[in-house]
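A short write-up of the structure that comes next.
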Amino acid sequence: MTTTPTGRRERRDDADALVWERTFRAPVHDVWAAVTESDRFERWIGTWTGDPADGFVTFTMNAEDEDIPPSRYDIRACEPPHLLRIDAVDDFGAWYLTLELREEDGVTTLTMSQVIDDVSTIESTGPGWEYYLDRLVAAESGRDADTVEWDDYYPALRDHYVAIAAALAPPNPTK
Numbered sequence: 048m049t050t051t052p053t054g055r056r057e058r059r060d061d062a063d064a065l066v067w068e069r070t071f072r073a074p075v076h077d078v079w080a081a082v083t084e085s086d087r088f089e090r091w092i093g094t095w096t097g098d099p100a101d102g103f104v105t106f107t108m109n110a111e112d113e114d115i116p117p118s119r120y121d122i123r124a125c126e127p128p129h130l131l132r133i134d135a136v137d138d139f140g141a142w143y144l145t146l147e148l149r150e151e152d153g154v155t156t157l158t159m160s161q162v163i164d165d166v167s168t169i170e171s172t173g174p175g176w177e178y179y180l181d182r183l184v185a186a187e188s189g190r191d192a193d194t195v196e197w198d199d200y201y202p203a204l205r206d207h208y209v210a211i212a213a214a215l216a217p218p219n220p221t222k
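Everything in the sequence shown is counted per this note's numbering, starting at 48 for the first residue and increasing by one.
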């Protein structure tokens, strides 16, 4: 499979963010369920436990080759079925994520953004989110998400994200 990068840089809430979009021939409530219900979420990225009413859940990835420790994700905004904003800081970095959904004529568009906290992580998180979002598309279209291969995304998409990072990185001071 040849993968074309879709991520782009945008200014969001006075911060630089990476942004991706995916479309689904499904009602917005169905796509919302895929990104918020633990059993549906599990099909493409992992599981979460806890009571969202507490303001956080514990997220465990299941699509990695190695065991990744669970992370606490704080729920900053939840406006079903259109907006979810979650934040986490773990051993792998800071994750400030926003998912926005809109439906038009039976097609739901999911726009996901991640505020860029550390420019050096873009080269791997960019391809990573491309991979996971394509796993979501596969799962929601009735395909096995495991048919989406990580090797099609990294290092193939790395240069696209390195260019975004380079445009954001401060110039190296000369001595």
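We put the beta carbon where it would ideally sit given N, CA and C, even for glycine.
Helix, strand or coil for residue i, going by three-state DSSP, please let me know.
i: Ile115; result: coil
i: Gly173; result: helix
i: Tyr120; result: strand
i: Glu187; result: helix
i: Thr50; result: coil
i: Leu204; result: coil
i: Asp193; result: helix
My guess is that residue i and residue j are in contact by the Cβ rule of under 8 Å, so how many angstroms apart are they, rounded?
i: Asp223; j: Ser118; result: Lying before the first or after the last residue shown, residue 223 is absent from the chain, which here runs from 48 to 222.
i: Tyr120; j: Phe139; result: Their Cβ separation, rounded to whole angstroms, is 13 Å, which puts Tyr120 and Phe139 out of contact at 8 Å.
i: Gly173; j: His207; result: 7 Å
i: Asp164; j: Tyr143; result: 7 Å
Tell me which same chain residues have a C-beta within less than 6 Å of the C-beta of residue i, skipping the five on either side of it?
i: Met48; result: With a pLDDT of 44 at Met48, under the threshold of 50, the modelled position of this residue cannot be trusted; read the value that follows with caution. Once the five neighbours on either side are set aside, the close Cβ partners of Met48 are Asp199.
i: His129; result: Leu148
If we count the other Cβ atoms within 10 Å of its Cβ and call it buried at 16 or more, is residue i buried or exposed?
i: Lys222; result: Unreliable placement is indicated for Lys222, whose pLDDT of 46 sits below 50; no coordinate value is reported for it.
i: Thr145; result: buried
i: Ser167; result: exposed
i: Asp181; result: buried
Got a sec? Which residues, its chain only, sit under 8 Å from residue i by beta carbon, not counting five neighbours each side?
i: Pro74; result: Glu150, Gly153, Thr155
Once you ignore the five residues that flank residue i on each side, which residues in its own chain have a CB closer than 7 Å to its CB?
i: Glu89; result: Asn109
Any Cβ of chain C within less than 8 Å of the Cβ of residue i?
i: Arg59; result: In the displayed structure, chain C is absent; only one protein chain is listed.
For the stretch 144–168, list the alpha helix (DSSP H) runs that are entirely contained and at least 4 residues long, ordered along the chain.
-> none
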